[in-house]
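See below for the structure under consideration.
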Amino acid sequence: MAGLLGIERLERPEIEEILDRAKDFQPVQNESFKRLDLLRGRMVVNLFFEASTRTRTSFEIAAKRLGADAISITASGSSVSKGESLVDTLNTLAAMRPDAIIMRHSASGAPHFLARYLPTPIVNAGDGTHEHPTQALLDARTILDRRPTLEGLRVTIIGDIAHSRVARSNLYLLSKFGARVVLCGPASLLPSELSQLAPGIELTTDMRQAIRGSDVIMMLRVQLERQHESAFPASEYFRFYGLRLEHIGLAKPDVIVMHPGPINRGREISSEVADSQRSVILNQVENGIAVRMAVLERVLTRTCRNS
Ligand code: NCD
0 MAGLLGIERL ERPEIEEILD RAKDFQPVQN ESFKRLDLLR GRMVVNLFFE ASTRTRTSFE
60 IAAKRLGADA ISITASGSSV SKGESLVDTL NTLAAMRPDA IIMRHSASGA PHFLARYLPT
120 PIVNAGDGTH EHPTQALLDA RTILDRRPTL EGLRVTIIGD IAHSRVARSN LYLLSKFGAR
180 VVLCGPASLL PSELSQLAPG IELTTDMRQA IRGSDVIMML RVQLERQHES AFPASEYFRF
240 YGLRLEHIGL AKPDVIVMHP GPINRGREIS SEVADSQRSV ILNQVENGIA VRMAVLERVL
300 TRTCRNS
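Residues 0 to 306, numbered by numbering that gives the first Met the number 0, are exactly what the sequence shown covers, in order.
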């Protein structure tokens with residue numbers, strides 16, 4: 000069934016199509032979004048087994064702006080908290096015949112597994128440490144709003160790389176488009192096998208070296224919920240891997256600072272940087288809606304396979 004499980008298996012033209020379509024859905028400056036009729040009568044279910052503010056809300060808004068109905072279910076308020084298995088929960092929802100299920104789960108591969116059994120298209124809204132495809136798409140849209148191409152850009156991703164599905168999806172996408180990706184973080188959070196995911200990936204534990212000459216700096220939150228033991232002392236983290244104004248001068252003068260959110264001020268990024276002219280963090284949030292509109296339209300109007 001048609002869906003969106005990850006960036007890894009998407010072809011470059013498919014990604015380009017989504018990014019171009021998202022541009023059509025971006026609001027004209029100072030104008031509010033108009034509600035469209037493209038998915039009238041369709042229904043999507045948001046099923047989130049992990050916390051979310053941005054992703055869940057923007058999928059819901061995206062569906063509604065296209066004229067679809069959207070309902071959101073969180074694990075704590077569902078029968079999952081009564082011991083129902085993932086397969087039973089999903090089968091129950093699928094029996095109500097929504098047109099798509101948007102799903103976030105702490106287990107890597109959970110949506111891929113379910114997509115094999117369910118007749119309903121599944122959109123992956125983040126699976127464990129694996130992929131978060133719509134985040135990479137909205138990140139690419141945000142960069143391309145400011146740069147003509149991704150080709151040749153030095154994109155430095157800093158933080159808890161090991162546990163980041165955002166890093167992995169971005170790595171796949173940026174590599175497909177010829178960006179030079181630099182991954183930086185403490186050695187305990189920087190798995191060396193990631194350099195094999197795509198050609199030309201640079202790994203370093205030295206934040207200054209990583210930032211030097213960067214076009215884009217993408218900061219990541221330390222995913223404490225996925226760490227079974229502390230990988231780096233919290234008190235030291237900001238000193239070594241927190242983005243501060245003094246770092247910005249090492250990058251290209253027009254560097255873009257990104258963060259998928261939620262941000263932890265004073266932990267991975269200083270307020271001065273997060274609120275600076277270089278920061279596009281809220282533009283990312285805004286683009287989340289346009290990109291998810293493009294994804295939902297594609298998923299609900301096409302009959303390609305889950306990818
Ligand atoms: C990210 C996620 O959940 O993977 N957040 C998001 O979707 N915007 C990153 C994070 O939680 O740190």
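Note that CB positions come from ideal geometry on N, CA and C, so glycine has one too.
- Looking at the structure shown, is residue 304 part of a helix, part of a strand, or coil, going by DSSP? Residue mapping note: residue 304 aligns to position 305 of the sequence shown, counting from 1. Annotation note: pLDDT 44 at residue 304 (below 50); position unreliable, no value reported.
- Task: Leaving aside the five residues before and after residue 209 along the sequence, list all residues of the same chain whose C-beta is less than 7 Å from its C-beta, in chain order.
- Result: Indexing the sequence shown from 1 puts residue 209 at position 210. Excluding residues within five positions, the ones whose Cβ falls inside 7 Å are 155, 157, 181, 183 and 203.
Residue 52 to residue 79, Cα distance in whole Å? Along the sequence shown, one-based indexing puts residue 52 at 53. Along the sequence shown, one-based indexing puts residue 79 at 80. Looking at the two C-alpha atoms, the distance is approximately 20 Å.
Notebook entry, point to check: Over what stretch of residues does the alpha helix (DSSP H) that includes residue 87 continue unbroken?
Noted result: The residue given as residue 87 occupies position 88 in the sequence shown. 85-94 is the span of the alpha helix (DSSP H), which, as asked, contains residue 87.
Item checked: For residue 111, three-class secondary structure by DSSP -> Taking the first residue of the sequence shown as 1, we reach residue 111 at position 112. In the structure shown, residue 111 sits in a helix (DSSP, three-state: H, G or I).
Cβ atoms of residue 220 and residue 246: under 9 Å apart, would you say?
For this step, residue 246 is matched to residue 247 along the sequence shown. For this step, residue 220 is matched to residue 221 along the sequence shown. Contact: no.
>> Tell me which residues share the same chain as residue 304 and place their Cβ nearer than 6 Å to its Cβ, disregarding the 5 neighbours each side in the sequence.
In response: As a first step, residue 304 is located in the sequence shown; it is residue number 305 there, counting from the start. At residue 304, the pLDDT of 44 sits below 50, so the modelled position is not reliable and the matter cannot be decided from this model.
Of the listed residues 75, 170 and 164, nearest to residue 49 (C-alpha basis)
Sequence index remark: in the sequence shown, residue 49 carries index 50 (1-based). Considering only alpha carbons, the answer is 75.
For the alpha helix (DSSP H) that contains residue 99, what are its first and last residues? Here residue 99 refers to the residue found at position 100 of the sequence shown. It is not in any alpha helix (DSSP H) - residue 99 instead sits in the beta strand (DSSP E) that spans 99-104.
Identity of the residues DSSP links to residue 180 by a beta bridge: Taking the first residue of the sequence shown as position 1, residue 180 is located at position 181. Partner(s): 154.
Q.
Can you look up residue 47 in the DSSP assignment and give me helix, strand or coil?
A. Numbered from 1 along the sequence shown, position 48 holds the residue referred to as residue 47. Here residue 47 sits in strand by DSSP.
* Could you tell me if residue 86 is buried or exposed, where buried requires 16 or more neighbouring beta carbons within 10 angstroms of its beta carbon? => Reading the sequence shown from its first residue, position 87 is the one you call residue 86. With fewer than 16 other Cβ atoms within 10 Å, it is exposed.
Mind checking who residue 264 pairs with in its DSSP beta bridge? In the sequence shown, the residue the question calls residue 264 occupies position 265. DSSP output for residue 264 lists 268 as bridge partner(s).
Worksheet entry | Buried versus exposed call for residue 239 [16 or more other C-beta atoms within 10 Å across all chains shown] | Taking the sequence shown and counting its residues from 1, the one referred to as residue 239 is at position 240. With fewer than 16 Cβ atoms within 10 Å of its Cβ, residue 239 is classed as exposed.
Residue span of the alpha helix (DSSP H) that contains residue 138, given as start and end: Mapped onto the sequence shown, residue 138 falls at position 139. Per DSSP, residue 138 belongs to the alpha helix (DSSP H) from 132-143.
So, helix, strand or coil for residue 201, using DSSP?
-> Working through the sequence shown from its first residue, we reach residue 201 at position 202. Residue 201 falls in the strand class under three-state DSSP.
Original post:
Hey, is residue 147 close to ligand 1, as in C-beta under 8 Å from one of its heavy atoms?
Top reply: Against the sequence shown, residue 147 aligns to sequence position 148. No, the beta carbon of residue 147 sits no closer than 8 Å to any heavy atom of ligand 1.
> Taking C-alpha atoms, which residue in 162, 279, 174 and 167 lies nearest to residue 185?
Replying inline: For this step, residue 185 is matched to residue 186 along the sequence shown. Closest option to residue 185, Cα to Cα, is 162.
| message | So, at 6 Å on beta carbons, what are the nonlocal neighbours of residue 282 in its own chain, with the 5 sequence-adjacent residues on each side left out? | response | Reading the sequence shown from its first residue, position 283 is the one you call residue 282. Excluding residues within five positions, the ones whose Cβ falls inside 6 Å are 141.
Can you find at least 3 beta carbon pairs, one from the segment 272-279 and one from the segment 38-46, that sit closer than 8 Å?
no
Q | Of the residues 107, 7 and 67, the one placed nearest residue 99, counting alpha carbons only | A | The count along the sequence shown starts at 1 and reaches residue 99 at position 100. The candidate whose alpha carbon is nearest that of residue 99 is 67.
Using only alpha-carbon positions, find the residue among 244, 92 and 287 that is nearest to residue 72.
Indexing the sequence shown from 1 puts residue 72 at position 73. Checking every option, the nearest Cα to that of residue 72 belongs to 92.
### Message
Let's test the definition: count the other Cβ atoms within 10 Å of the Cβ of residue 116 and tell me whether it reaches 16, buried, or not, exposed.
### Response
Residue mapping note: residue 116 aligns to position 117 of the sequence shown, counting from 1. Exposed.
* Asked: residue 161 bridges to which residues according to DSSP?
  -> Taking the first residue of the sequence shown as position 1, residue 161 is located at position 162. In the DSSP output, where bridge partners are listed per residue, residue 161 has none listed.
Tell me which same chain residues have a C-beta within less than 8 Å of the C-beta of residue 262, skipping the five on either side of it?
-> The residue given as residue 262 occupies position 263 in the sequence shown. Excluding sequence neighbours, residue 262 sits near 218, 220, 268, 273 and 280.
Where does residue 54 sit, in a helix, a strand or coil, going by DSSP?
Mapped onto the sequence shown, residue 54 falls at position 55. Helix.
Inset, instruction - Within the same chain, show all residues whose beta-carbon is closer than 7 Å to that of residue 139, passing over the 5 residues directly before and after it, in chain order. - result: Walking along the sequence shown from the start, residue 139 turns up at place 140. Result list for residue 139: 18, 149 and 172, in chain order.
Name the one or two DSSP bridge partners that residue 126 has.
Position 127 of the sequence shown, counting from 1, holds the residue named residue 126. Paired residues: 104 and 130.
Do residue 307 and residue 194 have their C-beta atoms within less than 9 Å of each other? The displayed coordinates of the chain run from 0 to 306. Any statement about residue 307 would go beyond what the structure contains.
| task | Locate the alpha helix (DSSP H) running through residue 233, then write down its first and last residues. | result | One-based indexing of the sequence shown puts residue 233 at position 234. Residues 233-240.
Notebook entry, point to check: Would the C-beta of residue 242 count as close to ligand 1, meaning under 8 Å from any of its heavy atoms?
Noted result: The residue labelled residue 242 in the question sits at position 243 within the sequence shown. No, the beta carbon of residue 242 sits no closer than 8 Å to any heavy atom of ligand 1.
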